[in-house]
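Residue numbers (the numbering used here): 95 to 596.
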């Protein structure tokens with residue numbers, strides 16, 4: 095612009111200029127040229143501190159007057175005064191003061207006390223406080239003799255707000271069972287590393303730990319490492335974990351069903367569920383490496399492993415529920431078996447693991463959960479549609495099926511740091527090895543199909559998956575080259591990501 099005269103400019107001197115931000119680049123620009131930022135939806139109290147720290151770093155001064163004007167969405171229902179009181183502790187965490195009243199909102203944040211349900215549904219909202227009761231506007235309707243509406247209860251996570259599955263978002267960690275040589279280097283974990291990792295997960299608020307299942311070393315692993323990997327049998331490992339934890343769910347992700355005798359597996363799982371107080375999730379599948387099955391059963395090269403999984407899941411359900419179970423299938427066959435004690439849970443959760451279309455059919459027809467690996471949000475949405483269709487044909491409610499994809503997690507203070515660590519990891523090599531098996535139908539890079547970046551970036555990525563319908567992040571594999579490095583990543587995620595979704 096040239097020779098532009100603004101007659102009102104003198105009156106505007108001293109008015110703070112706030113820059114709307116979305117992303118780290120815009121935030122750094124705001125630190126350079128503006129007096130503050132606005133328009134952010136805060137994900138945690140630490141978010142405010144990080145915004146201020148970035149401004150301080152860029153500007154090189156204390157920046158005490160750098161303003162953070164942001165949304166802390168709150169749904170208020172019930173008695174107006176009581177509801178506002180219940181919201182105060184949440185807002186106090188963001189504002190950094192011990193308590194607040196309606197007239198004491200500092201300028202560094204603008205909490206919104208009343209939002210329409212319509213707005214909440216389209217906002218990316220974390221966290222949310224919901225009080226059951228009648229909405230304030232409807233109390234006025236009632237006073238005039240008009241019917242009011244009731245505030246919706248139990249909106250406890252973003253999935254419900256965004257039209258997703260009405261379940262709280264749950265987080266699970268893959269602990270070292272059969273991961274050496276594939277996801278992690280050889281050697282990686284000692285037996286003494288397993289329990290401390292599980293106890294750490296429970297302390298940090300993770301819902302579950304997961305373990306995979308292998309019997310022998312894969313050929314590509316044999317070529318890469320001179321030393322054979324240690325594979326710890328998952329059910330025995332989980333009996334050890336269950337004895338030293340109290341709330342943590344123990345989940346197989348997955349048991350390779352074609353390698354297992356179904357009645358014996360049913361007995362093992364039912365016993366573990368009883369001993370753990372009903373904490374078992376049984377994820378099953380065909381397994382990624384057919385070579386492993388053929389090493390165990392050299393004469394069974396023409397066996398269709400998918401049929402074994404179909405029959406095995408149906409047979410397990412009978413063994414878990416019937417007084418005497420009989421099953422006659424192509425591969426699974428037993429007569430009049432009494433399998434007691436039954437699992438403590440009824441039903442014991444069965445999850446169908448894998449990316450093949452047949453896995454979605456199994457999930458819809460007779461599973462409590464679907465556990466794919468490394469899918470994009472769009473693929474998750476299409477998978478859920480398939481599952482709901484199969485569930486409806488089977489007379490089941492597809493909305494109750496847990497959508498529990500597995501992802502690699504590379505978390506760092508910056509995106510560049512996290513991405514570099516991911517591409518240099520053994521886990522990245524493992525994903526490459528699955529391009530001709532579990533991941534053969536996928537297109538696009540692995541970085542867009544996993545959780546890679548800073549805590550803020552990972553939070554945003556998780557919200558996108560929640561919008562797609564994800565209800566559990568199962569068996570997350572944290573990029574690491576040693577157990578202490580893995581535990582450090584688990585702790586960083588637990589402290590800076592999980593609190594934003596609970």
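Each residue gets a CB set at the ideal place from its N, CA and C atoms; glycine is no exception.
Residue 494 and residue 465 have their C-alpha atoms spaced approximately 14 angstroms apart.
Exclusion of the five residues before and after residue 427 leaves 421 as the residues of its chain whose Cβ lies within less than 8 angstroms of its Cβ. Per DSSP, residue 114 is one residue of the beta strand (DSSP E) stretching across 112-114. Around the beta carbon of residue 449, a 10 Å sphere encloses 16 or more other beta carbons of the protein chains shown; the residue is thus reported as buried. Beta-bridge partners of residue 264 (DSSP): 566. Only residues of its own chain outside the window of five on either side were considered, and among them 435, 438 have a CB closer than 6 angstroms to the CB of residue 368, listed in chain order. By the C-beta density criterion, residue 447 is buried, having at least 16 other C-beta atoms within 10 angstroms. Around the CB of residue 390, fewer than 16 other CB atoms lie within 10 Å, so the residue is classed as exposed. Listed in chain order, the alpha helix (DSSP H) elements of length 4 or more contained wholly in the stretch 305-368 are 313-318, 328-337.
For residue 301, same chain residues with a beta-carbon under 8 angstroms away, outside a window of 5 residues either side, are 264, 265, 266, 342, 343, 566 in chain order.
Annotation for residue 286: the continuous alpha helix (DSSP H) segment containing it runs 285-298.
For residue 383, the CB contacts under 6 angstroms within the same chain, skipping 5 residues up- and downstream, are 312 in chain order. Residue pairing by DSSP places residue 467 opposite 500 in a beta bridge. Under the three-state reduction of DSSP, residue 425 is assigned to coil, being neither helix nor strand. In the three-state scheme derived from DSSP, where H, G and I count as helix and E and B as strand, residue 274 is classed as strand. A straight-line Cα-Cα distance of about 10 angstroms links residue 339 and residue 333.
Secondary structure note for residue 528: it is in no beta strand (DSSP E), with a DSSP letter that is neither H nor E. From the listed residues 513, 583, 596, 564, the smallest Cα separation to residue 295 is found for 583. Where residue 403 is concerned, the enclosing alpha helix (DSSP H) starts and stops at 399-415. In the three-state reduction of the DSSP assignment, residue 572 falls in the strand class. By the Cβ criterion, the stretch 514-525 is not in contact with the stretch 485-501, since fewer than three pairs of Cβ atoms, one from each stretch, lie closer than 8 angstroms. The three-state secondary structure of residue 376, taken from DSSP, is strand. For residue 546, the enclosing beta strand (DSSP E) has its first and last residue at 545-547. In the DSSP assignment, residue 438 falls outside any beta strand (DSSP E), carrying neither H nor E. For residue 132, the secondary structure class from DSSP, reduced to helix, strand or coil, is strand. Boundaries of the alpha helix (DSSP H) around residue 513: 509-517.
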